[in-house]
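Going line by line, the protein sequences match chains A and B.
My numbering puts the first sequence at residues 1 to 478.
My numbering puts the second sequence at residues 479 to 961.
Glycine is no exception: its CB is placed at the ideal position from the N, C-alpha and C atoms.
All values reported here derive from a predicted model rather than from experimental measurement.
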Amino acid sequence: MNYDIVIGLEIHSELKTSSKIFCGCKNEFGGEPNTRCCPVCLGMPGTLPALNKRVLEYAIKAGLAMNCRIAGFSKFDRKNYFYPDMPKAYQVTQHSLPICYDGYVDIDVGYETKRIGIERIHIEEDAGKLIHSSTGQGSLIDYNRSGVPLIEIVTKPDLNSPEEAKILLETIKTILEYTEVSDCKMQEGSLRADVNLSLRPIGSNTPGVRTEMKNLNSFRAVQRAAQAEAERQARVLDSGQKVYKETRRWDDHKGESLPMRDKEEVMDYRCFPEPDLPPVYVDEDFINEIQASIPELPGMRRERYINQYGIPKYDAGLITQNKVLADIFEKASEVCGNPKLVSNWIMTEIMKRMNEEGEGILHSYLNGDNFGQILLFLDKGDITHAAAIQVIDVLLETGEEPIVIVERLNLRVQRDESLVANTIKQVVNSNPQALDDYISGKKKAFGFFMGKIMAELKGRGDPSQVKEILTKELQRYL
Amino acid sequence: MSICKKTVTETAELLRTRKISADELVKEYFDEIKKKNPDINAYVTICEDEAIKAAEAAQKIMDSNNDVPYLCGIPMTLKDNICTKNIKTTCASKMLEDFLPPYSATVYKKLLDSGTVLLGKLNMDEFAMGNSSEHSIFGAVHNPWNTAFVAGGSSGGSAASVASNLAAFALGSDTGGGIRQPASFCGVVGLKPTYGLVSRYGLIAFASSLEQIGIISKDITDCGIIMNVITGHDPMDSTSIKRPAEDYSEGLGKNIDGIKIALPKELFGSELEKEVGNVINDTLKRLESRGAVLSDCSLPTIENAIHAYYIISSSEASSNLARYDGIRYGHRNERAENISDLYRKSRTEGFGQETKRRILLGTYALSAEHQDELYKKALKVRNIITREFRNAFDEYDIIAAPVSPVTAFKLQENLNNPLKMYLKDVYTVAANLAGLPAVSIPCGKDKKGLPIGIQLIGKPFSEKLLLNVGKQIEMEAGRLEII
Ligand SMILES: [Zn+2]
Chain A
1 MNYDIVIGLE
11 IHSELKTSSK
21 IFCGCKNEFG
31 GEPNTRCCPV
41 CLGMPGTLPA
51 LNKRVLEYAI
61 KAGLAMNCRI
71 AGFSKFDRKN
81 YFYPDMPKAY
91 QVTQHSLPIC
101 YDGYVDIDVG
111 YETKRIGIER
121 IHIEEDAGKL
131 IHSSTGQGSL
141 IDYNRSGVPL
151 IEIVTKPDLN
161 SPEEAKILLE
171 TIKTILEYTE
181 VSDCKMQEGS
191 LRADVNLSLR
201 PIGSNTPGVR
211 TEMKNLNSFR
221 AVQRAAQAEA
231 ERQARVLDSG
241 QKVYKETRRW
251 DDHKGESLPM
261 RDKEEVMDYR
271 CFPEPDLPPV
281 YVDEDFINEI
291 QASIPELPGM
301 RRERYINQYG
311 IPKYDAGLIT
321 QNKVLADIFE
331 KASEVCGNPK
341 LVSNWIMTEI
351 MKRMNEEGEG
361 ILHSYLNGDN
371 FGQILLFLDK
381 GDITHAAAIQ
391 VIDVLLETGE
401 EPIVIVERLN
411 LRVQRDESLV
421 ANTIKQVVNS
431 NPQALDDYIS
441 GKKKAFGFFM
451 GKIMAELKGR
461 GDPSQVKEIL
471 TKELQRYL
Chain B
479 MSICKKTVTE
489 TAELLRTRKI
499 SADELVKEYF
509 DEIKKKNPDI
519 NAYVTICEDE
529 AIKAAEAAQK
539 IMDSNNDVPY
549 LCGIPMTLKD
559 NICTKNIKTT
569 CASKMLEDFL
579 PPYSATVYKK
589 LLDSGTVLLG
599 KLNMDEFAMG
609 NSSEHSIFGA
619 VHNPWNTAFV
629 AGGSSGGSAA
639 SVASNLAAFA
649 LGSDTGGGIR
659 QPASFCGVVG
669 LKPTYGLVSR
679 YGLIAFASSL
689 EQIGIISKDI
699 TDCGIIMNVI
709 TGHDPMDSTS
719 IKRPAEDYSE
729 GLGKNIDGIK
739 IALPKELFGS
749 ELEKEVGNVI
759 NDTLKRLESR
769 GAVLSDCSLP
779 TIENAIHAYY
789 IISSSEASSN
799 LARYDGIRYG
809 HRNERAENIS
819 DLYRKSRTEG
829 FGQETKRRIL
839 LGTYALSAEH
849 QDELYKKALK
859 VRNIITREFR
869 NAFDEYDIIA
879 APVSPVTAFK
889 LQENLNNPLK
899 MYLKDVYTVA
909 ANLAGLPAVS
919 IPCGKDKKGL
929 PIGIQLIGKP
939 FSEKLLLNVG
949 KQIEMEAGRL
959 EII
């Protein structure tokens with residue numbers, strides 16, 4: 001049978017506030033285990049939470065950037081369950097009244113734009129980390145992450161393919177980076193997603209039974225897990241069996257998922273209002289202040305690039321997907337004055353390096369200013385294409401100013417007419433065979449001379465000037 | 479008269495006039511503790527060395543400084559659910575038998591800042607669950623008036639220590655009457671402040687939305703003086719309230735002409751023991767002769783308060799006590815085979831029977847299947863009761879009621895009938911559900927010679943008025959002293 005795939009995502013993102021959600025401990029990744037904790041985030045008897053107002057601000061910022069409505073009144077609840085990494089044996093979260101609700105995010109699927117509903121965004125606390133000891137002697141717990149602020153973004157089940165799920169996650173990551181509420185370092189677990197997926201026979205209106213796959217921490221894992229789960233459910237349904245509502249764990253190495261707990265065991269979290277935290281009241285002024293601080297978001301920026309700089313939609317889309325890259329593009333365009341050239345170089349030279357070495361290049365010596373200077377040299381014909389690449393290489397290593405590199409390595413195009421003319425004469429004279437070939441009509445010989453001359457000029461010749469003088473020189477023999 | 483019988487006010491005067499030094503004073507108290515505590519069992523931890531050092535330090539301050547805090551050198555003590563850094567805080571539970579808090583409760587810090595000296599920590603019902611102080615791994619607290627009787631609970635150690643002069647004053651906690659009822663049973667003053675007036679930071683939680691730290695003192699004036707120290711907004715407790723400071727010890731005993739006192743008929747019914755009712759009515763009449771205006775009133779839903787209270791407090795307790803899992807601190811079974819076995823065995827061994835009963839009750843009341851009919855319904859009852867109080871306070875200044883329908887009962891008498899025990903709390907739990915301040919003032923004794931207390935409940939933040947009216951009662955009835 002053929003099925004429609006129905007997917008919703010629950011995305012957890014750590015907020016990059018300077019301190020934790022309910023205490024003054026530093027909110028930073030890593031560190032010696034159990035050094036960023038205090039009685040409060042260790043849940044010691046008698047301690048109480050005090051909400052970090054920044055967390056509220058960041059959550060509202062994320063909500064506004066995803067077109068959500070902001071609740072004037074929201075509150076916290078306790079979600080009770082035992083787990084060693086959770087020191088209070090409950091998680092403080094917003095179960096019944098979230099801070100943000102009813103929003104949407106637009107995603108680009110091929111050439112179409114699709115609107116995905118955001119059901120809610122709520123605030124909660126992260127747990128510690130269980131470390132299975134390398135000696136196999138029991139488990140260790142690091143509570144440094146305990147009490148790190150999180151938002152959970154719950155989408156409506158508006159996604160209809162594993163690819164859409166991946167694109168949505170990419171889009172939301174970009175929004176969180178643009179608004180600077182999260183680092184979204186997926187390899188550090190600061191952005192992770194749960195995939196809820198069900199199948200529905202095409203044409204049917206009855207929703208299928210959904211499963212949940214937890215804690216996927218790469219775009220690829222989200223897409224692969226969704227794909228594999230859709231195929232698994234289809235096999236189950238095709239064989240006349242039932243899909244069970246269950247939580248599954250995705251194993252990215254094996255490329256398969258397994259049920260996480262017994263099907264019979266339904267978790268009852270016994271949620272109830274957190275008595276230690278008063279309800280949260282948010283007024284218009286506070287919301288307006290946050291609204292005013294939201295920067296231009298990727299979608300708007302892309303449109304502006306197309307209109308203002310005249311670069312292709314595809315290029316604009318890719319460049320704006322990464323805020324740092326987009327910032328580099330904009331600055332470089334301003335410095336060199338030729339946005340199309342900048343966009344071409346980003347789409348080729350920079351993207352190539354990002355694919356090979358990751359995003360590190362965006363946080364290196366290279367910035368919009370020096371990148372623009374290099375391209376300005378190129379655009380004015382002061383250096384060649386090959387030289388420009390060489391300047392980038394050196395700059396990434398030494399961090400020198402482009403002008404310094406160009407001068408030090410003598411990369412400026414050689415335009416001294418008598419010097420160029422002499423070099424050409426010399427090359428023509430010392431290659432009689434090629435000259436004969438040229439005279440006898442073999443036009444290939446012209447290319448041979450060009451190569452020889454450019455080599456003799458150490459790559460610094462201006463090709464059009466060399467071509468012009470060489471043509472004149474050879475004319476004399478015809 | 480033993481110096482330990484003196485009130486805070488009297489003792490402070492002796493210290494100020496150099497009639498006694500702070501370290502001599504503390505030594506007197508330890509002599510008294512060593513003599514009487516074996517019979518009463520109020521203290522579970524005695525901090526003799528630390529206290530003598532602290533007293534010497536306090537004396538130095540008094541010798542070298544003119545601007546000395548009023549309470550400097552005053553010996554006091556704390557219920558064992560108030561965290562004291564590096565001093566055992568057990569909640570009278572095997573679960574926390576060896577627990578050394580890494581931090582101090584806000585109230586303890588405030589008391590230290592004001593120069594008081596901690597003598598030790600006090601016995602109680604395990605995790606403050608109970609009204610007789612019999613549910614303790616350290617054994618029951620005995621009533622100083624007659625050691626065959628209970629001291630009340632859960633702050634039984636706090637009330638018994640003050641009544642038997644083993645501390646100048648004590649702090650306790652009141653979740654459903656935990657300060658007022660033992661104060662009444664032991665013949666001392668017990669105040670539960672308005673919810674949010676005193677920081678709960680460092681009070682080991684039983685039922686967060688109901689409980690407050692409060693005072694047990696020898697008289698009303700002392701209570702006001704200590705209120706001045708322990709109240710105030712605390713950024714560490716998000717439920718603590720920002721409001722201007724008041725002087726609770728000022729103006730006590732001033733004219734109460736025209737103060738309107740209401741008597742809810744639901745709390746003066748047939749369950750009230752005759753002797754207790756008579757003493758209370760007598761006390762009220764004397765207030766009337768001092769100018770108060772008495773009226774009957776009705777709080778129709780208050781009869782359901784007890785059900786709402788036990789459901790809400792147990793629900794919160796089931797969550798608050800979940801952290802005792804044997805992983806980070808507290809009792810841990812060493813023979814567990816896996817993680818759930820570790821939880822199960824550690825908790826089975828670590829908690830007493832009453833505590834387990836409440837955890838089970840609360841877990842059931844919060845379960846998805848029963849939450850609507852139990853927990854959520856209890857919240858509705860709580861709202862109605864709060865509204866009924868608000869309406870009553872539109873007309874009246876104070877609501878007067880018994881603290882308990884009976885005087886102290888015999889040890890063991892009710893231990894096997896938890897329901898009967900629960901029902902006795904009906905007079906006190908409503909003030910916790912509505913977050914209102916309430917004070918218990920000794921007003922007489924029964925034929926057995928056991929103390930009787932009267933309860934005054936006020937509007938939020940009306941502690942000054944309660945203490946002032948309480949002072950009138952004290953002036954009429956006199957302090958109850960064990961001879
Ligand atoms: Zn902390």
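Residue i versus residue j: straight-line alpha-carbon distance, rounded
i, j, result
"B:E941", "B:T672", "8 Å"
"A:L197", "A:E246", "11 Å"
"A:K467", "A:L457", "13 Å"
"A:N307", "B:E847", "58 Å"
"B:V757", "B:E528", "43 Å"
"A:M1", "A:L396", "55 Å"
"A:S464", "A:V420", "12 Å"
"A:Y477", "A:K380", "34 Å"
"B:T761", "B:L589", "34 Å"
"A:N367", "A:I328", "6 Å"
"A:N338", "A:K331", "11 Å"
"A:R210", "A:S204", "15 Å"
"B:I723", "B:L503", "The identity of residue 723 of chain B in the sequence shown is Ala, whereas the question assumes Ile. Computed Cα separation, rounded: 31 Å."
"B:N946", "B:E488", "19 Å"
"A:P259", "B:R678", "43 Å"
"B:L675", "A:K75", "22 Å"
CB of residue i within 8 Å of CB of residue j, strictly
i, j, result
"A:D257", "A:M213", "This sequence places Ser at residue 257 of chain A; Asp is not what is there. Yes, Cβ-Cβ distance for A:S257 and A:M213 is below 8 Å."
"A:A165", "A:I7", "yes"
"A:D85", "A:L15", "no"
"B:S918", "B:G668", "yes"
"A:I120", "A:Y104", "The question names Ile, yet the displayed sequence has Arg at residue 120 of chain A. Not closer than 8 Å, so no."
"A:T179", "A:K53", "no"
"B:K557", "B:S642", "no"
"B:M540", "B:V546", "yes"
"B:A661", "B:I694", "yes"
"B:E534", "B:S686", "no"
"A:E188", "A:L150", "no"
Sequence-distant residues of the same chain with beta carbon closer than 6 Å to residue i, five excluded per side
i, result
"A:E264", "Note on A:E264: pLDDT 48, under 50, position unreliable in the model; no value is reported."
"B:G635", "A520, L600, N601, M602, V619"
"A:G317", "R302"
"B:D712", "T584, S677, Y679, S718"
Chain-ordered chain A contacts of residue i [CB-CB under 9 Å]
i, result
"B:G692", "Result: empty, since nearest Cβ-Cβ is about 16 Å, beyond 9 Å."
"B:L579", "The question names Leu, but residue 579 of chain B is Pro in the sequence shown. Those are P39, M44, P45, G46, listed as they occur along chain A."
Cβ-based neighbour list, residue i, same chain, cut-off 7 Å, excluding 5 preceding and 5 following
i, result
"A:A228", "G255, E256, S257"
"B:G808", "M573, L574, F577, Y802, G828"
Contacts that residue i makes with chain A (C-beta to C-beta distance below 7 Å)
i, result
"B:E794", "P275"
"B:M714", "L48, A50"
Neighbour list for residue i in chain B, Cβ cutoff strictly below 9 Å
i, result
"A:D106", "The premise fails here: A:D106 is roughly 37 Å from chain B at the closest Cβ pair, so nothing lies under 9 Å."
Contact set between residue i and chain B, taken where Cβ atoms lie within less than 7 Å
i, result
"A:Y90", "S797, A800"
"A:P278", "S716, T717"
Nonlocal neighbours in the same chain, by C-beta distance under 8 Å from residue i, ignoring five residues either side
i, result
"A:E370", "Correcting the residue identity first, residue 370 of chain A is Asn in this sequence and not Glu. For A:N370, where only same-chain residues beyond five positions count, the Cβ hits under 8 Å are L395, E401, P402."
Continuous beta strand (DSSP E) assignments of at least 3 residues falling wholly in the segment 197-262 of chain A: 211-216, 247-251, 256-259
Uninterrupted alpha helix (DSSP H) stretches inside the segment 829-908 of chain B (no shorter than 4 residues): 831-844, 855-873, 896-901
Going residue by residue through the segment 906-949 of chain B, where are the continuous alpha helix (DSSP H) segments of at least 4 residues, counting only ones entirely within it? 907-911
Fully enclosed by the segment 335-359 of chain A, which alpha helix (DSSP H) runs are 4 residues long or longer? 339-345, 351-357
Which runs of the alpha helix (DSSP H) spanning at least 4 residues fall entirely within the segment 522-609 of chain B, listed in chain order? 526-542, 584-591
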